[in-house]
Amino acid sequence: MGYVFSFLSTLLQLYSFALIIYILMSWVPNIRESAFGRFLGRICEPYLQPFRRIIPPIGMMDVSPIVAFLVLNFARMGLQQLYWYL
0 MGYVFSFLST LLQLYSFALI IYILMSWVPN IRESAFGRFL GRICEPYLQP FRRIIPPIGM
60 MDVSPIVAFL VLNFARMGLQ QLYWYL
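For what it's worth, numbering that gives the first Met the number 0 labels the leading residue of the sequence shown as 0, then goes sequentially.
Shown next, in the form of structure tokens:
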């Protein structure tokens with residue numbers, strides 16, 4: 000049972016890293032058009048889209064990726080707490 004929780008926690012951590020890389024790639028022109036950028040886009044955009052629909056940009060800044068990252072980390076922490084509770 001512990002292996003399942005450990006595996007899921009590791010997957011969420013890796014996804015968090017991918018999300019951070021994808022967010023930072025938005026600061027570099029044309030890097031999202033690379034093969035790696037398109038790969039991360041296919042992985043990260045489906046998760047980010049619901050947050051972008053709910054949270055409007057503030058001026059020129061899109062804060063929805065920050066909220067999405069926080070939600071992902073809270074889910075990972077909740078999973079760890081669930082493991083310790085069981």
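Just so it is clear, CB atoms sit at the ideal spot from N, CA and C, and this is done for glycine as well.
Should P64 go down as buried or exposed, given a rule of 16 or more other Cβ atoms within 10 Å for buried? P64 comes out buried.
Quick check: I42 and G36, are their CB atoms within less than 8 Å of each other? No, the Cβ-Cβ distance between I42 and G36 is not below 8 Å.
Below 8 Å between beta carbons: does that hold for F4 and L71? With respect to the 8 Å criterion, F4 and L71 are not classified as neighbours on the basis of their beta carbons.
Selected residue, minimal CA-CA separation from V66, among I54, M76 and G40: For the residues I54, M76 and G40, the minimum Cα distance to V66 belongs to I54.
So what's I42 in DSSP terms, helix, strand or just coil? Correct three-state label for I42: helix.
State the DSSP-derived secondary structure class of M60, mapped to helix, strand or coil. Looking at M60 - three-state DSSP - the assignment turns out to be strand.
Whole angstroms are fine: how far does the CA of L18 sit from the CA of L85? When rounded, the distance between both Cα atoms is 29 Å.
Using the three-state DSSP reduction, which class does P49 fall into: helix, strand or coil? P49 sits in a helix when the DSSP states are folded into three classes.
Using only alpha-carbon positions, find the residue among R52, Y2, F73 and V62 that is nearest to S25. Measuring from the Cα of S25, the nearest candidate turns out to be V62.
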